[in-house]
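Those letters in the first sequence? Residues 298 to 722, per the working numbering, in order.
Quick reminder that beta carbons are idealized off the backbone N, C-alpha and C, glycines included.
Small disclaimer: the values here were computed from a predicted structure and weren't measured.
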Amino acid sequence: MLDIQRIRDNPESIKKASENKKSPVDIDIIISLDNRRRDTIKEGERLKSLRNTRSQDIAALKKEKKDATQVIADMKEVSDRIRKLDGQQKEVEDILHEHLIRVPNVAHGSTPHGESEKNNVVIAAWEKPAAFDFKPKDHIELGTALDIIDFPRGAKISGAGFPVLKGDGALLERALINFFLETHTRRHGYREIFPPFLVNRASLFGTGQLPKSEEQMYFIGEDDLFCIPTAEVPVTNLHRDEILDQAQLPIKYCAYSACFRREAGSYGKDTKGYLRVHQFNKVELVKMVQPETSYDELELLRVDAEYILKALGLHYRVVSLCDADLSFAAAKCYDLEAWAPGEGNYLEVSSCSNFEDFQARRMNIRYRPANGDKPRFVHTLNGSGLATARILVALLETYQTAKGAVRVPEVLRPWMQGLTKIGPR
RNA sequence: GGAGGACUAGGAUAAUGGUAAUCCAGCGGUCUUGAAAACCGCCGGCCUUACGGCCUUGGGGGUUCGAAUCCCUCGUCCUCCGCCA
Numbered sequence: 298m299l300d301i302q303r304i305r306d307n308p309e310s311i312k313k314a315s316e317n318k319k320s321p322v323d324i325d326i327i328i329s330l331d332n333r334r335r336d337t338i339k340e341g342e343r344l345k346s347l348r349n350t351r352s353q354d355i356a357a358l359k360k361e362k363k364d365a366t367q368v369i370a371d372m373k374e375v376s377d378r379i380r381k382l383d384g385q386q387k388e389v390e391d392i393l394h395e396h397l398i399r400v401p402n403v404a405h406g407s408t409p410h411g412e413s414e415k416n417n418v419v420i421a422a423w424e425k426p427a428a429f430d431f432k433p434k435d436h437i438e439l440g441t442a443l444d445i446i447d448f449p450r451g452a453k454i455s456g457a458g459f460p461v462l463k464g465d466g467a468l469l470e471r472a473l474i475n476f477f478l479e480t481h482t483r484r485h486g487y488r489e490i491f492p493p494f495l496v497n498r499a500s501l502f503g504t505g506q507l508p509k510s511e512e513q514m515y516f517i518g519e520d521d522l523f524c525i526p527t528a529e530v531p532v533t534n535l536h537r538d539e540i541l542d543q544a545q546l547p548i549k550y551c552a553y554s555a556c557f558r559r560e561a562g563s564y565g566k567d568t569k570g571y572l573r574v575h576q577f578n579k580v581e582l583v584k585m586v587q588p589e590t591s592y593d594e595l596e597l598l599r600v601d602a603e604y605i606l607k608a609l610g611l612h613y614r615v616v617s618l619c620d621a622d623l624s625f626a627a628a629k630c631y632d633l634e635a636w637a638p639g640e641g642n643y644l645e646v647s648s649c650s651n652f653e654d655f656q657a658r659r660m661n662i663r664y665r666p667a668n669g670d671k672p673r674f675v676h677t678l679n680g681s682g683l684a685t686a687r688i689l690v691a692l693l694e695t696y697q698t699a700k701g702a703v704r705v706p707e708v709l710r711p712w713m714q715g716l717t718k719i720g721p722r
């Protein structure tokens, strides 16, 4: 959510920014609603001031055992008008709020401008794509032949988009999660969180999934709870409605969670295999920092996520998303894309974003500056570190051998029961 | 799931239906070689150039001229009962 003051001060630039983000909003109606709101408040406060002073008079009269019926009668009328004005004010504020929460965050100055994802900018790459002296298979063929990914049985017990990992595939998945968590906690200094996988509406509003993306989430109506689409939601909301000490910042959390996404409306895109599924595993990195440091922290966050890809020896590239491709709440975002030789494609395995104070305003997460000044909103950031479904795909396809086995990268072996490769059963 | 109790600022505590008091912590200052102690000021939010005004007792409603206080409702925590991996 943006500061209404910021919108009042720069209506044109906010309007332009929302158009650049391809979700234009009507700024004029927001300004006029806000004017009505302010007028109503003004008149209401004038009457409330009157009521407060006259109430004191009534108290004084009663104390002196004098008659107060006339004043009380007058104030009854004033109170009725206040009630009416309060009602109007609430009505205007509700409508204004509905508009405000749909204004997207403004892209940061360093975010490239563009018309679509085609204008995203590749800013770095690591390693070369793996070379093969045979035609590399895709992960579906590999996973099925090795009997470590079972698509048909997943479809049977749950539906399309719920593949089952079996045997060494399940072990590999678990190894990845462990490797990610160990790296970020021990090497990068993040505190591990094991969050609830179901959250309430307030949490989803805080991180910006609600109200815009309600249809993308699994919903348990009986309890009004949602399955989390990412650990970002519970972890960032940990400090909702709190005032932190400056000395606590930066806060760095990492969390494993299963992630649930309905992917409504995305049929036809990446439908094949394990690339776009309804449930996958992810280790998420979340930071809460002082505003002045958030863009430095974004670079550090990206380095932490990139470390995993380097350690796994995967070819990848870093993409700076252009404003048109930026998510609703983000001001700047880097995607990390791992190379999948079987697909012949790059797969998005991490998004590292700075939300500035956009989420913090929605969640009311502030910190008290060391000098005792009044609380300021923190800046929030998050990034995948990483998502296993697609990393598993990149690994299988990158480390496959001519004989159809898959070598296990060195760094995963401590969690792989001594396996150096996954072979046919 | 049932019964009872509680919720006041960062923390802790007070207020016969008359408009939120106090303590601690924190910040600034006086004093000091420095620190501590002591003392003074600040110490929830919003509006206002200012003076000042309005709001704030877990959330939302209601009664009343006036609600932290009375009523309804929801939430959270605690105690007990029931159920349970």
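Supposed contact pair residue 609 and residue 693 - C-beta distance, whole angstroms, cut 8 Å: With a beta-carbon spacing of about 12 Å, residue 693 and residue 609 fall beyond the 8 Å limit used to define contacts.
Grab the span of the alpha helix (DSSP H) containing residue 366 for me, first residue to last. Segment 366-397, the alpha helix (DSSP H) holding residue 366.
Taking residue 259 and residue 501 to be in contact with their CB atoms under 8 Å, please state how far apart those CB atoms are, rounded to whole angstroms. What is shown of the chain runs 298 to 722, which leaves residue 259 out entirely.
Residue 336 to residue 378 span [Cα, whole Å]: Cα to Cα, the separation comes out at about 15 Å.
List in chain order: all unbroken beta strand (DSSP E) runs of 3+ residues lying wholly within the segment 540-597. Assignment of beta strand (DSSP E) within the segment 540-597, counting only whole runs of 3 or more residues, yields 548-557 and 576-586 in chain order.
One or two residues paired with residue 705 in a DSSP bridge: The partner list for residue 705 (beta bridge, DSSP) is empty, contrary to what the question assumes.
What number of angstroms, rounded off, separates the C-alpha of residue 605 from the C-alpha of residue 513? Taking the straight line joining both Cα atoms gives about 28 Å.
Taking Cβ to Cβ, would you say residue 629 is nearer than 7 Å to residue 408? A contact, by the Cβ cut-off of 7 Å.
Residue 346 classed as buried or exposed, judged by whether at least 16 other C-beta atoms fall within 10 angstroms: Exposed, because fewer than 16 other Cβ atoms sit within 10 Å of the Cβ of residue 346.
Specify whether the segment 677-685 and the segment 582-592 touch according to this definition: at least 3 beta carbon pairs, one from each stretch, less than 8 Å apart. Counting C-beta pairs closer than 8 Å gives three or more between the segment 677-685 and the segment 582-592, which meets the contact rule.
Assuming residue 418 is part of the beta strand (DSSP E), what are its boundary residues? Taken as a continuous stretch (DSSP letters only), the beta strand (DSSP E) holding residue 418 covers 418-423.
Is the segment 530-539 close to the segment 429-436, with three or more CB pairs under 8 Å? Between the segment 530-539 and the segment 429-436, the count of Cβ pairs shorter than 8 Å is below three; the stretches do not touch.
Taking the Cβ atom as the reference point for each residue, do residue 402 and residue 619 lie within a distance shorter than 7 Å? Cβ atoms of residue 402 and residue 619: not closer than 7 Å.
Contact check, residue 626 vs residue 581 under 8 Å by CB: the rounded distance? Between residue 626 and residue 581 a beta carbon distance of about 15 Å is seen, past the 8 Å cut, so the two are scored as non-contacting.
Quick one: which unbroken beta strand (DSSP E) runs of 3-plus residues sit fully inside the segment 597-678? Chain order, please. List check, beta strand (DSSP E) in window: 613-617, 629-637, 642-651 and 662-665.
Report buried or exposed for residue 557, applying the criterion of at least 16 other Cβ atoms within 10 angstroms of its Cβ. With 16 or more Cβ atoms within 10 Å of its Cβ, residue 557 is classed as buried.
What are the boundary residues of the beta strand (DSSP E) that residue 488 is part of? Under the DSSP assignment, residue 488 falls in the beta strand (DSSP E) whose first and last residues are 488-490.
Member of 400, 622 and 654 whose CA lies at the smallest distance from the CA of residue 589: Of 400, 622 and 654, the residue nearest in Cα terms is 654.
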